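See below for the structure under consideration.
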Amino acid sequence: MTEVSEVPESSFKEQLVMPFYIICDASASMSADLPDLQANLEELVTSISSDPVVEDTTMISIIAFGTEAKTLVPLTPAGDIVTVPTLSIMGGTSYSSAFKEFSRRFPEDFKRLRAEGSKVYRPCVFFLTDGEPTDPGEWESTFQDLIAWDPKTGTGNKRYPYIVSYGFRDATEQIMKKIAYPNFGRKLGAWFMARTNNVRALLESMIGTIGKTIISSSYSIGQGEPELMIQAQPSSEFRSGNPDILE
390 MTEVSEVPES SFKEQLVMPF YIICDASASM SADLPDLQAN LEELVTSISS DPVVEDTTMI
450 SIIAFGTEAK TLVPLTPAGD IVTVPTLSIM GGTSYSSAFK EFSRRFPEDF KRLRAEGSKV
510 YRPCVFFLTD GEPTDPGEWE STFQDLIAWD PKTGTGNKRY PYIVSYGFRD ATEQIMKKIA
570 YPNFGRKLGA WFMARTNNVR ALLESMIGTI GKTIISSSYS IGQGEPELMI QAQPSSEFRS
630 GNPDILE
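Residue 595 in the working numbering is what sits at position 206 of the sequence shown, and the numbering runs on without skipping anything.
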């Protein structure tokens, strides 16, 4: 990894960007929870955009998925987000669709940011779901095909993301771990599994933790040691690591 302190002085003119992608389950089982999820996402955008340091170094994108996936908010500074489009029910729980949409969007975002002269850190994906995938088997092969990286052979996705997975209701701990701890990469992501009937409070807690992670990670740039600083949460197990500048 190239630390900020090691970058030549002339390079400091380049914009440093930490990209964060929030992937939200909008399947039928989430129908009663979508208003609360919507409100918390809007609060997250407001919180990030109100901090000038964070606003200057981070960009966020929001992707919703069900049977298919859709980018609701393209990768952009939070302050440029006028509104978070209204979440609507999107059918089943296809994890494959979520990973396909991210894998379609990030290369485009990376190319655009590099063309603008920005240095781009390894992206972080926050994956929120309340259920098991309706495409078992398929999602795992999609994940390996689109996300995985093999440093020994130099094949796959060199710009793979760190992933923080949040599961609740009918989601399983085993699958959340598979997503957060893939069989590639030098560093692990993180997973959070919850069993509670108070989904409203749970969503507030999860989105709040995402906001703290984004804010803390952003401030690490100014301290000269850019780091993905995943914030701990009750009844969770986390790992953290340093995000890489992508070439």
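All residues carry an ideal CB built from backbone N, CA and C; glycine is no exception. Note that the structure is a prediction, hence the values are computed from the model and not measured.
Three-state secondary structure assigned by DSSP to residue i
{"i": "Phe499", "result": "helix"}
{"i": "Ser507", "result": "coil"}
{"i": "Glu392", "result": "Interpretation of Glu392 is limited by its pLDDT of 33, a score under 50 that renders its predicted location unreliable; the figure taken from the coordinates is listed afterwards. Reduced to three states, the DSSP call for Glu392 is coil."}
{"i": "Phe581", "result": "strand"}
{"i": "Ile619", "result": "coil"}
{"i": "Ile610", "result": "helix"}
{"i": "Asp559", "result": "coil"}
{"i": "Pro397", "result": "For Pro397, the pLDDT reaches just 39, beneath the cut-off of 50, and the residue's location in the model is therefore unreliable, although a value from the coordinates is still provided. Correct three-state label for Pro397: coil."}
{"i": "Phe409", "result": "strand"}
{"i": "Ser477", "result": "coil"}
{"i": "Val553", "result": "strand"}
{"i": "Gly520", "result": "coil"}
{"i": "Gly645", "result": "With the chain running from 390 to 636 in the structure shown, residue 645 is simply not present."}
{"i": "Val514", "result": "strand"}
{"i": "Gly630", "result": "Note that Gly630 has pLDDT 44, beneath the 50 cutoff, so the model's placement of it is unreliable and the number below is only indicative. Residue state, collapsed to three classes: strand."}
{"i": "Thr465", "result": "strand"}
Beta-carbon separation (whole angstroms), residue i vs residue j, contact threshold 8 Å
{"i": "Pro550", "j": "Arg511", "result": "7 Å"}
{"i": "Ser507", "j": "Glu614", "result": "Contact doesn't hold; Cβ gap of about 19 Å is too wide."}
{"i": "Leu430", "j": "Ile619", "result": "With 8 Å as the limit, Leu430 and Ile619 do not qualify as a contact, their Cβ atoms being about 19 Å apart."}
{"i": "Ser607", "j": "Val406", "result": "Not confirmed; about 10 Å, so no contact."}
Residue of the options minimising C-alpha distance to residue i
{"i": "Ile604", "options": "Met448, Ser418, Thr472", "result": "Met448"}
{"i": "Pro525", "options": "Thr561, Ile552, Gly611, Arg493", "result": "Thr561"}
{"i": "Ser418", "options": "Trp580, Lys567, Ser483", "result": "Ser483"}
{"i": "Lys547", "options": "Ile610, Ser492, Met407", "result": "Ser492"}
{"i": "Arg584", "options": "Ala569, Ile599, Phe557", "result": "Phe557"}
{"i": "Pro496", "options": "Thr475, Leu535, Gln427", "result": "Leu535"}
{"i": "Ala415", "options": "Arg494, Gly520, Thr472", "result": "Gly520"}
In DSSP terms, what residue i is bridged to
{"i": "Asp422", "result": "Note: Asp422 sits in no beta bridge, so no partner."}
{"i": "Lys459", "result": "Ala453"}
{"i": "Val442", "result": "In DSSP, Val442 forms no bridge with anything."}
Residue i beta carbon near the ligand GTP (any heavy atom closer than 7 Å)
{"i": "Leu592", "result": "The ligand content of the structure shown is nil, which means the ligand GTP is not present either."}
Contact with chain C by residue i, beta-carbon distance below 8 Å
{"i": "Thr482", "result": "The structure shown has no chain C; it contains just one protein chain."}
The stretch 475-491 in contact with the stretch 515-525 per 3-pair CB rule at 8 Å = yes
ask   = Between the stretch 465-472 and the stretch 439-447, do at least 3 Cβ pairs fall closer than 8 Å?
value = yes
ask   = Does the stretch 417-431 come within contact of the stretch 585-594, defined as at least 3 CB pairs closer than 8 Å?
value = yes
query = Does the stretch 601-617 come within contact of the stretch 436-445, defined as at least 3 CB pairs closer than 8 Å?
reply = yes
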